[in-house]
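Student: In short: position in the sequence shown from 1, add 199, done, that's the numbering used here.
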Amino acid sequence: KRPGEHGTFPPGPHPWHLLGNLHQLGELPHQSLAALANKYGPLMFIRLGSIPAIVVSSPAMAKEFLKTHDLFFANRPSVSAGKYLAYEGKGMGYAPYGDYWRQMKRLCTLELLTPKRTESFISLREEEVATMIRSIWNESEQGTRCVSRMSAGRTFSDQELSGGRKFKEILGEMMALAGAFVVVDFIPLLKYIDLQGLRRRMKSLHQIYDEFTEKVIDYH
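So this is what it looks like as structure tokens:
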């Protein structure tokens, strides 16, 4: 809906000023949203800070959003993780829907996901599966090995980066931050204040990771 337009929103809990309905999410947001959906229905309106959101809780409604009207809802929000960890939202997982995203999707499909390319990785997958079976507990902390070999031709889990930190440690923290709750994403008025210190950590990690990727490029 464009700014200035008015319409009827689905039912939902009353939001607080600035916080919206964030206070109702708790430590397990998926369970809190499910409980609210039981009260307000399969299509529910909430506010995450000042950001309006629709919660879909039934297969029929999900099909309407993800299949029937998917182009209207295919875009991605601009969030701190995309800005500071993925080159200003240029990563495929954070890029807004449009020509650039379609180009990235086409590139991945042609270069990484073709039957021939997938077939070429069979030996790598077999080796890594065998390693995982031999040591399930150890491999649970090294899920990046197969991806590293497929994308860069070698493993980096024990590779030391800037400051003596290891690759798997940096990547693990980046993954944790990518899924972290960042207040400013939902209350833009606070964008000049890094209340949680998360943006500072994202920038620091991105700098280390960027230096590492430059070395990988030079290696090849």
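No residue lacks a Cβ here, since even glycine has one placed at the ideal position from N, Cα and C.
Between residue 441 and residue 399, what straight-line distance do the alpha-carbon atoms span, to the nearest angstrom?
Tutor: Since the first and last residues shown for the chain are 200 and 419, residue 441 lies out of range.
Student: Judging by CA-CA distance, which residue of 217, 229, 216 and 236 is the nearest neighbour of residue 209?
Tutor: 236
Student: Measuring CB to CB, does residue 219 end up less than 9 Å from residue 385?
Tutor: With contacts defined as CB atoms closer than 9 Å, residue 219 and residue 385 qualify as a contacting pair.
Student: Would a check of beta-carbon distances place residue 254 closer than 9 Å to chain C?
Tutor: The chain inventory of the structure shown lacks chain C, comprising one protein chain alone.
Student: Secondary structure at residue 392, three-state DSSP: helix, strand or coil?
Tutor: coil
Student: Closer than 8 Å is the cut-off here; do at least three beta carbon pairs connect the stretch 242 to 258 with the stretch 211 to 228?
Tutor: yes
Student: Name the DSSP bridge partner or partners of residue 278?
Tutor: Paired residues: none, contrary to the question.
Student: Between the Cα of residue 372 and those of 316, 284 and 231, spot the shortest distance and give me the residue it belongs to.
Tutor: 284
Student: Please work out which residues of its chain come closer than 8 Å, Cβ to Cβ, to residue 278, disregarding the five sequence neighbours upstream and downstream, and give them in chain order.
Tutor: 293, 381 and 384
Student: Return the CA-CA distance between residue 240 and residue 419, expressed in angstroms with no decimal places.
Tutor: 54 Å
Student: From residue 388 to residue 248, what does the alpha carbon distance come to, in whole angstroms?
Tutor: 10 Å
Student: Excluding the 5 residues flanking residue 257 on each side, which residues of the same chain have their C-beta closer than 7 Å to its C-beta?
Tutor: 241
Student: With a cut-off of 8 Å on the beta carbons, I'd call residue 379 and residue 404 a contact; round off their distance for me.
Tutor: Residue 379 to residue 404, Cβ: 12 Å. No contact.
Student: State the start and end residues of the unbroken beta strand (DSSP E) segment that holds residue 252.
Tutor: 250 to 255
Student: Can you tell me the Cα-Cα spacing of residue 276 and residue 295, whole angstroms?
Tutor: 7 Å
Student: In or out: residue 254 buried (at least 16 other Cβ within 10 Å) or exposed?
Tutor: buried
Student: Going by the DSSP bridge assignment, what does residue 243 pair with across the sheet?
Tutor: 254
Student: Quick check on the DSSP output: what are the complete beta strand (DSSP E) runs of length 3 or more inside the stretch 259 to 334, in order along the chain?
Tutor: none
Student: What would DSSP say about residue 371, mapped onto helix, strand or coil?
Tutor: helix
Student: So residue 400 is in the alpha helix (DSSP H); what residue range does that whole segment cover?
Tutor: 397 to 418
Student: Which residue from 269, 273 and 325 puts its Cα closest to that of residue 300?
Tutor: 273
Student: Check each candidate in 402, 309 and 348 and name the one with the smallest Cα separation from residue 415.
Tutor: 348
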